[in-house]
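What follows is a single structure, written as structure tokens, with notes after it.
Number of protein chains: 2
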Amino acid sequence: MVQSASASSAVIARVDRGPITESIHRGHIAVVNNEGRLLHSLGDPQAVTFARSTAKLIQALPVLESGAASDFGLSDQEIALICASHNGEPAHVQTARSLLAKAGADPGDLQCGAHFPFHRPTAKRMKEEGEAPTPLHNNCSGKHAGMLTLAAKLGQSADNYMSPDHPVQREMLLAVADMAGLAPEDIPLGTDGCGVPVFGLAIDRLALAYARLGKPYGLPAARTEACGRIIGAIRREPAYLAGEDRFDTQLIEATGGRIIGKMGAEGLFALTVPEESLGLVLKIEDGAQRALYCAVLEALNQLGLLRPSELKALAAFREPKVTNWRGTEVGVIRPDFRLS
Amino acid sequence: MVQSASASSAVIARVDRGPITESIHRGHIAVVNNEGRLLHSLGDPQAVTFARSTAKLIQALPVLESGAASDFGLSDQEIALICASHNGEPAHVQTARSLLAKAGADPGDLQCGAHFPFHRPTAKRMKEEGEAPTPLHNNCSGKHAGMLTLAAKLGQSADNYMSPDHPVQREMLLAVADMAGLAPEDIPLGTDGCGVPVFGLAIDRLALAYARLGKPYGLPAARTEACGRIIGAIRREPAYLAGEDRFDTQLIEATGGRIIGKMGAEGLFALTVPEESLGLVLKIEDGAQRALYCAVLEALNQLGLLRPSELKALAAFREPKVTNWRGTEVGVIRPDFRLS
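Protein sequence lines, in the order shown, are assigned to chains Z and R. Here the first sequence is numbered in this note's numbering, starting from 401 and rising by one per residue. Here the second sequence is numbered in this note's numbering, starting from 401 and rising by one per residue.
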């Protein structure tokens, strides 16, 4: 069992209720440039965890490098959706459908399972109308559609595309390993919430992958081009990476695409600041999402990467309120750390 | 700001996915006898947090000591419900209603706010039938009804019963302080999810309160009697402390009432083992509930307080599974600590 270096986690945020800090979230941060140099850290920058959905932007690389994206004429929206943990808003579902159609695949080919949309108004409407969720609503349907797109381009079967031995999964593992400067055999695999392999690696390696994604360095021409296409697509269509009420989307919108970031399950966030040639990864040790976005903003603020107007636009995420059943504020979550 | 002694928290449980520990929950444990002697601990047994719903059993004391319970003829079910974070099952709602009626109060007097029942089948049915939740469904409705009962007995107004200055809240603060061996002014107050004051204290003090509740020591006769009535009512009616699928209820049922335990929000659990004269409190530092019950069972097992048949009956809580959207098991939560 590979274990996170738990002894060295640091306090990230405090959950205050009245006069007491009631709960504490710890974690790890790594800030790395595109040559792999550690610039700043908190806790253990080599803490190992699963990349979860932060890997999606890297997993999209072989879809583009294979020529599938150009052959099938994928749009920016579709490329952003391949990288997304989307909200299941109508536009997301429609885009997943169009992506599948271009690849000659069918919604029935998706093996991600179904869940009600993250987007509460959409989920509420569906429940009221008795509409059951489909795999298209699954927040990972874009990624799975991207996998089916790559399978189609490679002339491979769609039946077992989730198997770690399937060429699609092998290509994606190779891309993650290469971008992180690791050998594929150094990346332990687990199973994601949507059934496909997830990649275990140290957060400083994941930060390197993001730094290089945003500002390619020492990469072949085809990969450099694919990185640019992915960043460009997300920058132009941030609503397709997450959704209207989501931090990922609003961070990109607020910064005019200067920062591109992606959340992952179990309290993970990875981002790239292309013009600074850097990647940042933050892992909440206990996996809680409630402390994640405020901590990311605090780290970016400490690094001088956010302008006052941008911080203001993202104010709703800075100090999340704790409310009671009647909606009255009874507490607040506050970041509490200092990056080295 | 009073802060938990965060530096000294210890690993409580690991969230494993495939070959990696993906997340870690830390916390604190205190095991104390009814004379206040610390018998075992993990992390910082003096970590300060809010007692949240674990205080309910102590808050029930003045309801009994005032004579309200006997004057109004409260049943075991009603007394257990005063101590409950109940499921909002039909029997719970009916009991809250009968409790209010006995005190001459009305459901409209409840100021706890409304939320859909914790009990999923009940919540699902209500949503399907378009039935809105009422304050009676609030998991704290029994506690609030108990407060109104005490207000009625004291001849006090029901209007502002949630105010820290109301005689009901003062009585309850005094009971918590006294049982914990503290002065009331040493207990910082916050606001609970249901609007009333919550009590800040070190977990070893809360454990002392539970030890004395289960096996009164050095208490006046009226309090000793009230403790016995509360423990007896919960022992006879454990389904009214939580509900059919809940750990609190099943722990009491599985042990034939030998162990009486109560969860609280933000990853807290307090229990008493009357025949051993001890109290145990476990706080998950980050507030997560997913690691709580397995950790409580592990602690009880290490203390030799559970028989094999009881552990077997509670197996569903011992190593909670992590599943994906399709319901396949992809990980497990495992306690990982050794009590001193």
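Yeah, the Cβ is synthetic: ideal placement off N, Cα and C, and Gly gets one too.
Item                                                                                                                                                                               : Value
For R/VAL415, return the contacting residues in chain Z, with the cut-off set at a CB-CB distance below 7 Å.                                                                       : GLY687
Which residues in the same chain have their Cβ closer than 7 Å to the Cβ of Z/ARG734, if we skip the five residues on either side of it in sequence?                               : ALA413, ARG414, ASP416, GLU719
So, for Z/HIS544: in the same chain, excluding its five sequence neighbours on each side, which residues have a beta-carbon less than 6 Å away from its beta-carbon?               : LEU510, CYS512
I'd like the span of the alpha helix (DSSP H) that includes R/ASN434, first residue to last.                                                                                       : Unbroken run through R/ASN434: none, as it is neither H nor E.
Does the CB of R/ALA726 have a neighbour CB from chain Z at under 8 Å?                                                                                                             : Looking at the sequence itself, residue 726 of chain R is Arg, so the reference to Ala does not match. Output row for R/ARG726: interface = yes.
Which term fits Z/SER406, buried or exposed, when burial requires 16 or more other beta carbons within 10 angstroms of its beta carbon?                                            : Caution applies to Z/SER406, whose pLDDT of 49 falls short of 50 and renders its modelled position unreliable; the value that the coordinates give is listed next. Buried is the call here.
State the start and end residues of the unbroken alpha helix (DSSP H) segment that holds R/ARG570.                                                                                 : 567-580
Identify the contact partners of R/PHE450 in chain Z, using a Cβ-Cβ distance below 9 Å as the criterion.                                                                           : ARG417, GLY418, ILE420, GLU422
Quick one: does R/THR591 have its CB under 8 Å from some CB of chain Z?                                                                                                            : yes
So for R/PRO584, helix, strand or coil by DSSP?                                                                                                                                    : helix
Quick check: what's the CA-CA separation for Z/ARG635 versus Z/MET572?                                                                                                             : 22 Å
Applying a beta-carbon distance threshold of less than 8 Å, which residues of chain Z neighbour R/GLY600?                                                                          : GLY418, PRO419, ILE420
Can you pull the chain Z residues whose beta carbon is under 7 Å from the beta carbon of R/HIS425, in chain order?                                                                 : ASP686
Could you give the C-beta distance for Z/LYS662 and Z/CYS483, rounded to a whole number, given that I count them as a contact under 8 Å?                                           : 7 Å
When the cut-off is 8 Å and only beta carbons count, does Z/HIS486 lie next to chain R?                                                                                            : no
With DSSP run on the structure shown, which of helix, strand or coil describes Z/GLY661?                                                                                           : strand
Mapping the DSSP letters down to three states, classify Z/ASP506 as helix, strand or coil.                                                                                         : coil
Note down the Cα distance separating Z/CYS594 from R/GLY731, rounded to an integer number of angstroms.                                                                            : 13 Å
Does the beta carbon of Z/VAL568 fall short of 7 Å from some heavy atom of the ligand FAD?                                                                                         : As for the ligand FAD, it is missing from this structure, which has no ligand bound.
Between R/PRO445 and R/LEU606, what straight-line distance do the alpha-carbon atoms span, to the nearest angstrom?                                                                : 10 Å
In the region 587-624 of chain R, which residue ranges form an unbroken alpha helix (DSSP H) of at least 4 residues, counting only runs that do not cross its ends?                : 603-614
Return the first residue and the last residue of the beta strand (DSSP E) that R/ASP416 is part of.                                                                                : 410-417
Name the two residues that bound the continuous alpha helix (DSSP H) containing Z/PRO521.                                                                                          : 520-528
Nearest to Z/ILE630 by alpha carbon, out of Z/THR672, Z/ARG570, Z/LEU668, Z/GLN494?                                                                                                : Z/THR672
Using a Cβ cut-off of 7 Å, pull out every chain R residue sitting near Z/GLU666, in sequence order please.                                                                         : GLU422, SER423
In terms of residue numbering, what span does the alpha helix (DSSP H) encompassing R/THR649 cover?                                                                                : 647-654
Counting only beta-carbon separations shorter than 8 Å, does R/ASN538 have a partner in chain C?                                                                                   : In the structure shown, chain C cannot be found, because the protein chains are Z and R.
Tell me which residue opens and which closes the beta strand (DSSP E) that Z/ALA670 is part of.                                                                                    : 668-673
Work out the CA separation of Z/ALA496 and Z/LEU680 for me, nearest whole Å.                                                                                                       : 29 Å
Label Z/PRO708 either buried or exposed according to how many other C-beta atoms from any shown protein chain fall within 10 Å of its C-beta, with 16 as the threshold for buried. : exposed
For Z/LYS527, which residues in chain R fall below 8 Å Cβ to Cβ?                                                                                                                   : LYS527
Along the chain, where does the alpha helix (DSSP H) containing Z/LEU554 start, and where does it finish?                                                                          : 541-554
Which one or two residues does DSSP pair with R/LEU739 in a beta bridge?                                                                                                           : BP columns for R/LEU739 are empty, so no partner.
Report the residues of the region 569-590 of chain Z with a CB closer than 9 Å to any CB of chain R, ordered along the chain.                                                      : PRO588, LEU589, GLY590
In terms of residue numbering, what span does the beta strand (DSSP E) encompassing R/PHE450 cover?                                                                                : 448-450
Looking at chain Z, which residues of the region 692-703 of chain R have a Cβ within less than 8 Å of any of its Cβ atoms?                                                         : none
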